[in-house]
Amino acid sequence: MRQTIAIVLQYRVAIILALTLTVSGLIVPGYLSETTLSLGLDRAAAIGLIATGLTVLLIAGQIDLSGGAIFALAGIVSTILQPSLGILPAALVGVFVGGLCGAINGGLVVGLKVNSLVLTLATMLIFRAVAHWITNSQPVTGTDIMFSLTMAQIYLDIFSIRSALFIVCIILLHLWLTRTIAGRNVFAVGSNATAAEESGVAAGRVVFFGFIFAGSLAGVAGVLQSLVTNTGSPVFGSELTVAVIAAVVVGGTRLEGGRGSALGTLGGVLTMAALTMAMEFQSVPAYLQQVVSGLILILLVVLDRTVHTRGRAAGAIPLLVTQNPITTGGKP
Amino acid sequence: MIGKKSMIYVAATAAILASAGVAQAKTVCYVTAADSHAYATPANVALQERADELGIEILNLSQDFDVQKGTEQLNTCVARGVDGIILWPLDPQAYIPGLARAQQSNIPSILINSPMAEQANQFIKSFTGPDVYEEGEMAADALSTAMDGKGSVVIIAGQAGNGTTIGRVGGFVDRLKEVNSDIEVLDTVNADFDQQKALVVSRDLITRFGDKIMGVYANDDTMARGFIDAWKEANPSEPTPPIVGINGQKDAFESIRSGEMYATIVQSPVEDGKLAINTMAEILDGKEVDSRLPIPLTVVTMENVNSVEPAF
Amino acid sequence: MSEIASELDSESSNERFARGSRLVDLLSKTGLSLAILAVILYGSFSSPAFFTTGNFLNILTSMSIIGIVVVGMTFVLVVGGLADLSVPATIACGAILSLGLQPVIGPVPAFVVAVALSGLIGSVNGVLVGYLGVNPIIATLGIGTIALGIVQAAVGGVIVYGANPESAEFVKGRLFGIPVVVLIFLAVAVIGHFILARSFWGRWTLATGGNYSAAEASAVPVKAVKAGAFVITAVAAGISGGLLGLTLQSARPLIGQGYEFSAITAVVVGGVSIMGGFGSVPRAIAGLIFVQLLTNVMVLDGVRTPIQGFVLGILIAGAVGMDSALRKRGVA
Amino acid sequence: MGKDLTLVREEIKPEMGSTDFALSMKGITKTFPGVKALSNVNFAVKFGTVHAVVGENGAGKSTLMKVLSGSYQPTSGTIEVGGTEARLRRPADAQALGIRMVHQELNLVPDLTVAENIYLGRMPGRWGFLDKNEMLQKATAVLQEQETAIDPQEILGNLSISQQQLVEIAKAYAANPRIIVLDEPTSSLSEHETAALFRILRKMRDAGIAIVYISHRLKEVLEIADEVTVLRDGSMIETRPIAGISASEMIQLMVGREVSNVFPKSPAKIGEPVLRVNSISDGANFRDVSFDVRAGEILGLIGLVGAGRTEVARAIFGLSGIVEGTLTLNGKDVVINSPAEAVKAGIAYVPEDRKGDGIIPGMSIRENISLPVLRSLTTFGWIRGKADRTLADQYVKQFSISPPDPERRVNLLSGGNQQKAVIAKWLAAKPSVLILDEPTRGVDVGAKAEIHNIIGQLVANGMAVVMISSELPEVLGVCDRIVVMRDGQASPPIDRQDLTEERIMALATGEEVA
C-alpha cells in the first residue's frame, strides 16, 4: 500500500497529465486529435523552453523573474539585426543576448551574494526598460514573413520547429541532470550550498552557469517567438513568468532547491497546456481558467508539502539505534 | 471490464452527438483583447448577443492584452476546427503566421477593432472597426479648433507598443504636421489606458508644465478622466484646459456638458462587435465582403452632446 | 578574550545578523536619508516646479495608495515570508467589491465588507504559508490567481462603476488642507509602525523572522504570526484597493497590476531584509519616499518611461547589493 | 574485506616526503581587527597518530582548524603538509593536499543519495558523465569497511542524524586523506556508535592517516588519542603524549586553574510532586513514558541519542503532539497543545540547540528575555517599555551576564552567556517546572559551573527541574533521581545513590552487565 502511494506520488505529474487528457477527451468533442496535439505542443513550446531553463535554476535553489523580459529583449535584438546580419546570424545574436542577460543575473547574484528573487525583479525592470528603449516602445518587424510561415509549419504531422526544439532540450536536460557529474552537482548546490562548496563543488559557478543557461533558453524562446511572428515587441512575454513558474512547480520541482526533474517539467508544461486548450475549446472564461490553474497549482504544492513532511517524520524515528549493526556489534 | 466498455460507448455517443451539433451550428472563434475592459467588454457582449440571434456559436478566447497569448490562442482556434476566426489584434505583425495557419486549414479570418500591417491582408477577409489613425486625426482637428490652432499640449497615450496607441498618437501628430499647425506637443506620456496611472502622470505633468498646458489629448476617455481629477486637485478654482478624449463614454459626455472636457470621439463598441459578427456571418454564408468595413466615428462637443448617444 | 573570539564565531555563522557594529547600522540608516536629501537637492536645482508645496502634496497623494500596501508588505518581509504576490488580486478585490456592493448595502458597509473579504484572501495565504509550510511565492501566486478569478466571476467579468458620488468626493477631498487619502495612509503607517515596533505582535513578528524555531520554542505562536503577516498585508491591500476604487469610481480586475513589485521595491530599497527578522515601517516608507521622489524628479525632467524603469531596476539592485556589502563589512 | 579495501583506497603512507610529520604548523598567529585569536601557535601531527586538541570555548580551536582547512588565512606563520610548505587560500587548496574536515554541523546534501554525498565534488566519470556503477561499488565498499549497513542508494535526508554523521565520516575517509580533522564527531553518536567510530579511527590511523580529534569529552580523548594538545586563550599551552596525562590534568591546563568541584550539588528540600507524566506516547518516538518530578528536585532524563529524551521534553512542552497519556500539573490534569499553553500552565523548556532553538540572534538580550512573557508586559497589546527593561535588568544582574548591557545583541555574547540569557528567558515566565535539554553542552568549564549554580538556586527555591544530559558524571553529580530512556521507553525514576555510570549504560543500552 505504501509502495503504491509512493509510486503514485512519483509519477503524479504523468498521472495528472493522463487524467487531464482523458477527462478532456471525454468531455470536449474533437479534443483528442493529431491537430490538437501538434498545435498544443507548439503552443506549449515558448513556455516550455523558458521552463526548461528555469528548472535548472530552481533545482540550484535560485529563481529568475526576468525570463519574460529576456524573452522580449532577445526577440527584439534578433529582429532588429535581421537586415544587417541576415536571419540566422541575427537569431544567434539574439540567443547570445539572452545568455548575456543571464550572465548579468548570475554575476550579480553570485558576486553580490544577494537574493535572486529581488535581484531578478530588478533586472526584469532593467531588461524590459532596455527593450522599450531600443524599440522606442514600438514593435519591430522582421524582413521575411515567408520565413515565419516556414517556422510555423507543422512537420511530420506533430512537430513545429520550436516544439521539436523544446522536446529535444528537455530530453537533453534530463540526461544532463541525471547522468552527468555537473548535473548532480546542481542538485547538491540547491540542497545545501555550503556543504557542496566545502566538498569542492564550485557552488557560485554552478549558480552562475545556471543563470546563463536559463537566460539563453529564454533567449531561444524569445528569438523563436520573434521568428514565428516576424515581430519583436517590448510587451512580449510580460505575462509569461507566472505561467512558467507554475508549470515548473506543477512538474514537481521544488522552489527551495535540491529537487526536481526535466521530465517533470515536461509533464507540468504539457498539463498546463492541455488544460488551457481544453478550457478554451469549451469557451471557459479566462478568469475561470485562472481559478482552475491556480487550484491545481495550490493543490499539488499542498499535497507535496503534506507528503513530504510525513516522509521526514518517518525518517526521524529512532529505529536506527536498534537496527543499526553498529549498535549490535556489526551483526545484523 | 464492462465498465470500461460502456465508458467507451458513452464517449463515442457523446462525440457523435457533439459532432452532429457542430455540423449544424457554425462555430466562430473570437479572440478578444480582454474580458474586462471599458471598451472591450461591451463589444464582446454585443458580439455574443448578435451571434446568438444569428445562431452562431462563439468560442470566446481572451488575450488579457497579452499578444503572446493571442498568437497561441489562434492555435486553439485552428485545432478546434472552427468555421471562422474573429481576431482583435494587439500587434500589427505577430498574428500573421497564425492567420496563415488558419487559411491553410480553410478557416476564414477577419479583424475586429484594430488594424494589422499590410502583409496580413492576404490572410484576412476583412477588417471591421474604427480607424484608430483617423481617430487621431479627428482629435487633432478638434483640439486645433478649440485652441485656435496654436499653443502647447500634452498627450496622454495608452500602452506603449499597442497598435491602438500607435495609431491614435500617430494620427494626431501627423495631422498637426500635415496642417503645419502651431500647436506644440510638450510631451507624450504612457498611462496604459489606466485611470489611476493617468491620474499619477497628470499630476506630474501639471507640476512640470503648469500653465504651459493649453490643451490635452488623451488616447481614451478614462485617461482624460484621470487628467481632470489631477487638475481639480491642483487648481480647484481654475477651469480645465481643452481636453479631447476618444471612445465617447457616458462620463465623458457629462464632462463635456459641464465644460470639463472639450470633445470626445464616439466609437461605439456595440457597433464594433456587431459589425464583426455580421461580416463573419456573411462570409460563412459564402458572400463576398469588403476588405475594409469601418464603423462610424462622431466627434462630440458641447454642440451635439445632447443629440448623440454615448457609446457605453 | 574568549568572549571576543566567540563573538567572531557567531558573527560569521549568523551572517544576516552581523550588522553588529553601530557604525554600520548608522550608515545604513543615514544612507537612505542622505540619498533622499540628494534627490531633493538635485530636484530643486533641476526643476523650479519641484520644490513647491503643490508638488510635494502631489507626491504624497501619489504614494498614499501604494504606501498602504508597503506598510503591510513590511510585515511579510520581516516575518520571513519573502513576498506577497497576491497583492494585485487583493487590491482588485477591495476595489471591485467596495464599488460593486455600494448599491446593495451602501458605501461604508461595502468598504468594510471589501476589506474583510480581502483579509480572508490573506488568511488563506496565511494558512498555506504559516500552517502548511507552502512556499510563499507559490502560495500567494496561486491564491492571487484564484481570488481574482472568483471576484471576476462574481461580477461577471466586467468593469464595476461607482454608484455613490459622495463617497468619491469624501475620498478625493481634503481635511485640514491635506488630502483624505494621505491622512488615511498616514494613519495606517502610524498604526503599522506601532504594531511592529511597540506591540507584542510586532515583537513576535520580528522574532519569528529572526529565528523561527527559537521563537516557536519561546512560546511565540509562530504559525499564527506568520499567517498574520499575510492577513495584515491583505487587509492593507484591501483598504488600498477600496480607496483606489472610490477615487477612480471604476474598478477592473487588473487595477492592482504591478503594485506588488512597487511595494517590494520600496520595502527593499528601505533596507528591510528580505531574509526576515529585521526592518521597520519607517524604513520601508523612507524607501518609498526615495523611489517616489526619484520618479517625480525624472518625470519633471522629462525622462521617458522606459528609462524610469531602468533606473528603478538599478536602484533595487543597488539597494540589495549595498545591503549585502554592508553586511560583509559588518563581519570584517 | 581486504579486497574491498584495496579497491577503495591506494596505500597512502609512503612517498609523503622525508618526514614523519603529516602536518606542522609553526608560529601561527591570526588577528582579527582588534583581536588576536591565535598567537604563535605551534602544532604538529605525525602520520599514523590520533592527535587530540582540547581547550575551552574560545580557546582558538575552531580558528586553528579554519586556518588548517583554508577558510582563514593566518596573519603570520607557516604550514607544512607532508614536509612541504603549503599555502592554503581556500578549502579546495587544503583538500587538494589531502586534508579533510568532519564538521560538527553536518555538511551533507540531504537531497542526494548517500553514495553521491560520499563522492560529492569528486564523482567518478568519463567526459563529464557520471559512472554510477563505479561510484556505487566504491561507496558500498567504504560503508562496509565502516561496518555500517547504510544503503548507499538511500536519499541522505531519510537517514537519522547519527547515520548522517557516519556518512560524513565515510565521506572524509573515502577521499583518501592524509589528514582528517574531526570536530566533536561523537556529539550525536550513542556509546555503541562511538565505539564503532573508534574502531574505524584506529583502522585509519593504522593505515597511516594523521587524525586530528577535537572534543570536549576528555574520557574519549584519553581512550582514542595518542597525543593531546591543549589550547588556552589563543595560545598553545602544551602538547603531550596521552600516556602521561590524566583528565584532571587536562582540565587544569585548559582553565589554567584547579577546578575543585565541577558539579556542585546544593542540597534542597524536596517537596510534593509538581509534574506527573502518565504513560504518554507520541505514536512514533516514545511510548508509555511515566515519571514525576517534585518541587526542589532535579530529575535526570538520560539515554542514548535517539532514545526519545528530547522528544519527550518537546511533547511535554507542546512542541509536538501526545497521542496517548496525560500530564498532571500540581494535582490537576492539563492538556498542552502549544508552547504558549505550556508557559501558561507553568512549564518551561530550554532547548538543546541553543543557536537553532534558543536565541533570536538579531534581537537584544532584553528582547530575548521578555519574549515568552511578552503578553504579560502589555497593556491593550502595547509593550510597557519600563516593565520590559526592568525584567531584563533584573536577570542580567542576577545571572551576571557579561557584558551587563541588556541592549546588546544576543549573538554577540559568548556561548555561556547566551545560555544564561536563554535560561533567564524562561525564568521570567516563573515556571513551576523547568526542563533543561543539554544545558551545558558546548559551554566552557567555568560557565558550566555557573549554570549548575543557577540550577541549584532554582531548586533551592522550590522549582522542579528536569535535566536532559549526555554527560553521565554531570547527571550523577547533579540529579536527585534519574530516568533512563531506551528505544522510546523509560525506566521508573531511580535514586542517584542506587546508580553508577555502568548501571546507567546498562539500562540505556539494554545490555545487562554481569
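Chains as they are written, first to last, in this note's numbering: chain A, 7 to 338; chain E, 8 to 319; chain L, 4 to 335; chain Z, 598 to 1111. We put the beta carbon where it would ideally sit given N, CA and C, even for glycine. Just so it is clear, the structure is predicted and the values come from calculations on it, not from any experiment.
Hey, is residue i close to the ligand PLP, as in C-beta under 7 Å from one of its heavy atoms?
i	result
G241 of chain L	Ligands displayed in this structure: none; no statement on the ligand PLP is therefore possible.
Along the chain, where does the beta strand (DSSP E) that runs through residue i open and close?
i	result
R719 of chain Z	From DSSP, R719 of chain Z is part of no beta strand (DSSP E); its letter is neither H nor E.
Y224 of chain E	G222 to A225
C36 of chain E	T34 to T39
N254 of chain E	I250 to N254
D1034 of chain Z	V1030 to D1034
M152 of chain A	Where M152 of chain A is concerned, there is no enclosing beta strand (DSSP E), although the alpha helix (DSSP H) it sits in stretches over I151 to A158.
I235 of chain L	First-last for I235 of chain L: V225 to L251, but that is the alpha helix (DSSP H), not the beta strand (DSSP E).
Q320 of chain E	Absent from the model: residue 320 of chain E. The displayed extent of chain E is 8 to 319, so no value can be given.
Can you check whether the C-beta of residue i is within less than 8 Å of a C-beta belonging to chain A?
i	result
E79 of chain L	As written in the sequence, residue 79 of chain L is Val, which differs from the Glu given in the question. With 8 Å as the cut-off, V79 of chain L does not count as an interface residue toward chain A.
F20 of chain L	Residue placement at F20 of chain L cannot be trusted, given a pLDDT of 39 that sits under 50; the coordinates are not used to answer.
I65 of chain E	yes
I821 of chain Z	no
P309 of chain L	yes
P104 of chain E	yes
A689 of chain Z	yes
Does the CB of residue i have a neighbour CB from chain L at under 8 Å?
i	result
A135 of chain A	yes
N169 of chain E	no
Determine, using beta carbons only, whether residue i comes closer than 8 Å to chain Z.
i	result
R316 of chain A	A caution first: R316 of chain A carries a pLDDT of 42, below 50, which makes its placement in the model unreliable, though a value can still be read off. Cβ-Cβ to chain Z under 8 Å: no for R316 of chain A.
R265 of chain A	yes
I187 of chain A	yes
L284 of chain L	Strictly speaking, residue 284 of chain L in this sequence is Val, with Leu absent from that position. No, because no Cβ of chain Z sits closer than 8 Å to the Cβ of V284 of chain L.
Which residues does DSSP list as the beta-bridge partners of residue i?
i	result
I895 of chain Z	Z:V1062
K157 of chain E	E:D189
V1081 of chain Z	Z:I899
R829 of chain Z	Z:S832
So that I know if they touch, is there some Cβ in chain E lying closer than 8 Å to that of residue i?
i	result
A52 of chain L	yes
V234 of chain A	yes
I162 of chain L	yes
Q88 of chain A	no
For the alpha helix (DSSP H) containing residue i, list its first residue and its last residue.
i	result
A874 of chain Z	It should be pointed out that residue 874 of chain Z corresponds to Val in this sequence rather than to Ala. First-last for V874 of chain Z: P870 to S878, but that is the beta strand (DSSP E), not the alpha helix (DSSP H).
A807 of chain Z	Unbroken run through A807 of chain Z is the beta strand (DSSP E), A807 to I811; no alpha helix (DSSP H).
A1114 of chain Z	Since the first residue of chain Z shown is 598 and the last is 1111, residue 1114 of chain Z is not available in this structure.
Near-chain L residues of the stretch 29-52 of chain E - C-beta to any C-beta below 7 Å: D42, S43, H44, A45 and T48
Short of 8 Å Cβ to Cβ, which residues in the stretch 197-218 of chain A face chain Z? S197, N198, T200, A201, A202, E203, E204, S205, G206 and V207
In chain order, which continuous runs of the alpha helix (DSSP H) of length 4 or greater are located wholly inside the stretch 137-176 of chain L? 139-157 and 168-175
Complete runs of the beta strand (DSSP E) confined to the stretch 645-692 of chain Z [at least 3 residues]: 647-651, 673-678 and 681-683
Name the residues in the stretch 76-88 of chain E whose C-beta lies less than 8 Å from a C-beta of chain A; which are they? K76, T78, E79, Q80, N82, T83, V85, A86, R87 and G88
Which ranges would you report for the alpha helix (DSSP H) in the stretch 228-292 of chain A if only whole runs of at least 4 residues count? 246-256 and 268-287
Quick one, which residues of the stretch 104-136 of chain A are near chain L if we go by CB-CB under 9 Å, in chain order? L114, G117, L118, K119, V120, N121, L123, V124, L125, L127, A128, T129, M130, L131, I132, F133, R134, A135 and V136
What residues in the stretch 245-274 of chain A bring their beta carbon closer than 8 Å to a beta carbon of chain E? E245 and L246
Enumerate, from N- to C-terminal direction, the unbroken beta strand (DSSP E) stretches of 3 or more residues contained entirely within the stretch 913-997 of chain Z. 921-926, 929-931 and 944-947
Residues in the stretch 958-980 of chain Z having any Cβ partner in chain L nearer than 7 Å: Listed by position, the residues of the stretch 958-980 of chain Z near chain L (Cβ gap below 7 Å) are P958, G959, M960, E964, L968, P969, L971, R972, T975, G978, W979 and I980.
In the stretch 241-259 of chain L, which residues sit with their C-beta less than 9 Å from some C-beta in chain E, listed in chain order? Within the stretch 241-259 of chain L, the qualifying residues are L247, T250, L251, Q252, S253, R255, P256, L257 and I258.
Residues within the stretch 122-149 of chain E neighbouring chain A, beta-carbon criterion of under 8 Å: Going along the stretch 122-149 of chain E in chain order, one finds A124 and Q126 with a Cβ nearer than 8 Å to chain A.
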